[in-house]
Amino acid sequence: MRKHGVIPVLTLWNHLIYSFNASGLVSEVMLLYSEMLACGLLPNIFTVNVLVHSVVKDGNLSFGLELLRSFGAKNIVDTVTYNTLIWGFCEQGLAYQGLGVLSEMVKKGITFDAISCNIIVKGFCRIGFVRYGEWVMDNLTTCGICKDVIGFNILIDGYCKIGDVNYAVELIHRMRSEGIVPDIISYNTLINGFCKKGDFFMAKSLINEILGSRRKKDFKILAGTDNRKEVDNGVVLEPDLITHTTLISAYCKQETLEEALSIYEEMVVNGILPDVVTYSSILNGFCKHGKLAEAKVLMMEMEKMGVDPNHVSYATLMDSIFKTGNSVDASALQSLMIVRGIVFDVFVYTTLMDGLFKAGKSKEAETIFITLLKNKMVPNTTTYSALIDGRCKLGDINGAESALEEMKEKDVVPNVVTYSSIVNCYIRKEMLDEAVNVMRKMVSENILPNEYIYAALIDGYFKAGEEMVALDLYSEMKLIGLKENNFILDSFLNNLKRSGRMWEAEELVKDMMSRGLSLDHVNYTSLMDGYFKEGKESAALTLAQEMTEKNIPFDVVAYNVLINGLLRLGKYDAQSVYARMRELDLSPDIITCNSMINAYCKEGKFEHALHLWDDMKSCGLMPNSITCNILIRGLCKAGKIHKALNVLNEMLSLGFSPTTAIHRFLLDASSRNGRADAILQMHEHLVSMGLELNQAVFNTLITVLCRLGMTRKAVSVLEDMTGRGLSADTVTYNALIHGYCTGSHVDKAFATYSLMIAKGVTPNIVTYNLLLKGLSTSGLMKEADELFALMKEKGLNPNASTYDTLISGHGKIGSNRESVKVYCEMITKGFIPRTSTYNVLIDSFSRVGKMTQAQELLKEMQLRGSLPNSSTYDILISGWCDLSNQSELDRASKMSCLVEVKNLLLEMNDKQLVPSESTVFNISSTFAKLGKKFDARQFSKGLYKRNIV
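Structure below.
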C-alpha cells in the first residue's frame, strides 16, 4: 500500500500491532509503531494499550511506566492502560509497586475497577502476602467497586497455597453472606487445596456438605452417585473436567493410584472426556509406581481417544525410562518427539539433561544445557539444580560452584535442593568444613537448610570420627525447630553400629519412637545389620519378624543384610535362604548374587556357585568385578585352579581384565606346591590375559616368593620391576625383609632396611615388626630393644604385634623381668596380648616354679577376652606337676598341686580341649609317684573314652 502512496488508516496499524503482540513478536511492535508515526499517524488509546502491554510482557517495566506517563500527559490513557502496568509489576512479584501505580491512577482521576482490584490482590497472593491482599480488597471496595467471584477465588487460591485451607472454607461462607455465589472454580480451588494438604477425607466431606446441604440436593461431587445439575441464583454447578483432574493429579502425587483410576473411570462413565492434563497426571502416577508398561499403553490409549500427548506427557515418560537405566529407549522417545513436532521447552530440556546425567552421559547432558541456552531459553531453578547435581555426582565441585554463580548472575534464585547437591558433594569428598560453610552461606541468603542437609552433615562427621561435631549439629538442628527424621536416626544407628554400641542404639530407638517417630525399612535394616555383626542372631530375627508383622516390606537391601547375617552365622543353608527370597517375590540384585556365591564358596558348594554364575548371565544380571573376585578367590582357596581359570576366561569374554586381587588369589593358590616356576608361569599367564603390570602386581609377586623364602627370585622380579620404571615402595621392601627373616638372614634383612632408607622410602610399623620378629627369633633381644627404642624416636607408635613379638622374644630367652615390663606397657597402652603371648608369659613363670603368678595370668587373660587354648593348659598342668615333684615340698603342698591339676583338667574338659601326649605322660607319672595310681588309671581311662567318642 505504502509503495503506491496509500497510507494505511489507524485501524489497520492497530490490527497489525495487536497481531504481532499476540504472536509474541514483542520486539517488532515498537518497530511497527515507529513506522506508523513516520506515516504521520498518531496513536489512540487502543494503540497505547497494546504498546504498554508489549513492553510489560517483555519485562521492561521501567519503559512501560515511562510510556504510561508520556501518553498520560497527552490524555491517551485509560483504566486498561493502568491495569496493564499494574499487572506487569504484580507478575514480577512487585505487588507494592503495583499498588503505587494504582495510587497514581487515583490521583490522575482515572477510575479503577474490579479488575484493578483483582490484579493487585493476586499480586500480593503471589508473593505470599494473602492477608494483606484481602485487606487491600476490603479497602478498595469501600471506594465504590463491587467484590466479585473472581476476587474471592483469588483469595481462596492464595490461602490454599499458604496452607490455610480452613480459612479458605470460611471465605466460601463469607461469599454467600455477601450475596456472591461460589462457582465451580471456587470449589475446584478448594478441592485442590485440601488434596495438596493430603486431606482427601476432608475434601470429600466438605465438598459434599457445601454442595449438598447448602443446596438441599444430594450433589455428590466425589462419590459420583449423582450427576444432576443444580442451580443456585442462576449459577449451574457441576463437577467438571478440572474437578476430576485435580483429584486424579492429587491422588497420583500421593501415590494412591487405585483411587485416581477409580475417579478416572467415574468421569468417563459420567460423560466427561479426559484431556491431555488428565492423562498426563495418570501417566505420572503409573511412572511413580514403576508401572512403565502401563504408562506406555496409556500413551497409546490417549492417541486412540484423539488426545495428542504433549511435551509434559513425553517428558514424564522419558524421565521414568531414564530411571530404569535405559538411556537408549529414552533417546528413541526424544527422537519421536522431534518427528512429531513436539515443542521442547525448559521442562523437557531439564528432564532430558537430568536423565542423561543419571545415565552417566555427562557430555551429552552438558550439550543439552548448551542447546537450551542457544535456543534463548532461560534456565529455571530446577534446570540449574539438575545441572549442579549432575556435576556434583561426577565430583566436579568447581563446575557446580560455577553454575551456582551463573544462576545468581541471571537472577535465578537457588533453593534448598540446589544447595543440597553442593553440600553432599563436599561431604562425599570428605571436605566437611567446606560443606558446613555452604550451609552457612545458604542461611545468609535466607534459604533455610532442611532436615536432610543436617542429616547428611551429621552422617559425614560421624563417619569421619568427629562425633562431637555431629552432636553439635544435631543440637543446632533442634534449636531452629527441625525435627528428627528417619535419615537422622539412621545416621546415629550407623555410627553406633560402627563403634559396637548396639545397646545405645536400642535406647536411641526407644527414645525416638516415644516421640512419635516410626522406624522405616532402612532403620530396621541398619539395626538388623548391627545385631548380626555383634552375633545377636535372635535380636536380628526378632526385628525381621517385627517388619513382617507391621507390613513393612523387605527390599533387596534388607534381604541382603538378612542373607549375609544368616549365612555368616553358618546356621542356614544358602540354597534355602535364596529360595525364600524367591518366595517373597524379591528379585535378587548383584549384591544378593555376590552374597550367595560367597556363601556357596564358604560351604564348599562350588557347583552351586558356578550354576548361579551362569544363571546371572542368562537373567541379564551381569556379574561385576566383585562377583569374579569372590568366585575365583573361593575356587583358589579350595585349590581348584583350573576352574578358577575357566571363570577368568568367561570374565574376559564379558569385557573384564584380571584384577590385582585375582592375581593375588591365583598366585597364592599356585604357591602351595612350593615351586617358583608354577608361581612365575601363573604370573606370565595373567599378564598375557591383559593384567596391567603395575606396582601392586609386582609387590604381590615379590610377597608370594618371599613368603616361601625365595628371595633370589624376588630380587630378580624387583630388578624387572625397576627396569620398567616402577619404583619399589614400603610394601616391596617389607616383603623382602620378611623373606630374609623367614630364612634367618637377619643381616640381609637389615641391609634391605638400610637400602630402603637410602632410596627415600619410609619404613612403617610393619617394617619394624618384621625386623623385631627376625631378631627375636634369633634370640638377639638386646638388638631388638635398641631397634624398639629407635622406632619410638622416629615417632612410630608400637602396635599389639610389636609388643607380642618383644614379650615372646624375652620370654623365650628366660628374661622374665623384661617380658613383664613390656607386658605392663602393652596393657597400659590398651592392647590385648594374643593367646600365644600369654602362653609365653605363663611358661616363663611355670619354668621357675612361680605357679601362683602363672595361674593369675590365666585369670587375667580370660578377663581381657583372650581365650586359653590347649597349649595354655598344657603349660600350666606341666608346671603344677613339675612343682609337685620338688623334694623340698611337704606332702600337703604336693597334694595341693594335684588339686590344681585336676581343676585345670576339668576346665579343659568343659572347653572340649585335649591335653598333649607329653602332658598326659606327665600327669600319669605325677599321680603315680604320689601313690595315686587309681587316679592315674581313671584319668587315662577317661581320656581314652573321650578320644574314642
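Position in the sequence shown (first residue = 1) + 104 = our numbering. Quick reminder that beta carbons are idealized off the backbone N, C-alpha and C, glycines included. Since the model is a prediction, treat every value here as computed from it, not as a measurement.
Residue range of the alpha helix (DSSP H) that includes residue i
i	result
A177	From DSSP, A177 is part of no alpha helix (DSSP H); its letter is neither H nor E.
G163	Looking at the DSSP string, G163 is not in any alpha helix (DSSP H), and its letter there is neither H nor E.
D500	From DSSP, D500 is part of no alpha helix (DSSP H); its letter is neither H nor E.
C143	Unbroken run through C143: none, as it is neither H nor E.
G1142	The structure shown does not extend to residue 1142, since the chain is modelled only from 105 through 1053, so no value can be given for it.
M279	269-281
H914	904-916
F802	799-811
R968	From DSSP, R968 is part of no alpha helix (DSSP H); its letter is neither H nor E.
T347	345-357
E549	Looking at the DSSP string, E549 is not in any alpha helix (DSSP H), and its letter there is neither H nor E.
F193	183-195
A742	From DSSP, A742 is part of no alpha helix (DSSP H); its letter is neither H nor E.
V373	361-373
I474	466-478
D824	815-827
R995	995-1014
N702	694-707
K300	288-301
M930	920-932
Where residue i falls: helix, strand or coil (DSSP)
i	result
E638	coil
H393	coil
V113	coil
K212	coil
N598	helix
G459	helix
V870	helix
M720	helix
E247	Looking at the sequence itself, residue 247 is Cys, so the reference to Glu does not match. Correct three-state label for C247: coil.
K1045	Residue confidence is low: K1045 scores 48 on pLDDT, short of 50, so the model does not pin down where it sits. Its coordinate-derived value is still stated next. Residue state, collapsed to three classes: helix.
A419	helix
M793	coil
M885	helix
V517	coil
N257	helix
R943	Per the sequence shown, residue 943 should be read as Asn rather than Arg. Correct three-state label for N943: helix.
N430	coil
L120	helix
A568	coil
D986	helix
F760	coil
N664	helix
G778	coil
L561	helix
H849	coil
F448	coil
S975	helix
K898	coil
R332	A caution first: R332 carries a pLDDT of 42, below 50, which makes its placement in the model too unreliable to give a value.
From the options, residue whose alpha carbon lies closest to that of residue i
i	options	result
K148	E362, K161, L136, T115	A small correction: the amino acid at residue 148 is Asn; Lys does not occupy that position in the sequence shown. N148 has its Cα closest to that of T115, out of E362, K161, L136, T115.
Q438	H415, Y556, M406	H415
I695	N1013, H712, T731	T731
N590	Y556, V573, S603	Y556
G237	L456, G255, G604	G255
S940	D781, Q957, D908, I346	D908
K67	L840, I806, T245	Limits of the chain in this structure are 105 at one end and 1053 at the other, which puts residue 67 out of reach.
E1004	S991, I981, F451	I981
L476	T454, A463, K640, C496	T454
S642	N627, L623, L402, L670	L670
V926	K916, I911, G915	I911
L129	V154, V113, L790	V154
Query - Validate contact between the stretch 768-776 and the stretch 791-798 using beta carbons, cut 8 Å, 3 pairs - result: no
Requested in this report: Take every Cβ of the stretch 392-403, pair it with every Cβ of the stretch 365-378, and state whether three or more of those distances are shorter than 8 Å.
Outcome: no
Query raised in the report: Between the stretch 171-178 and the stretch 131-145, do three or more beta carbon pairs fall short of 8 Å?
Result: no
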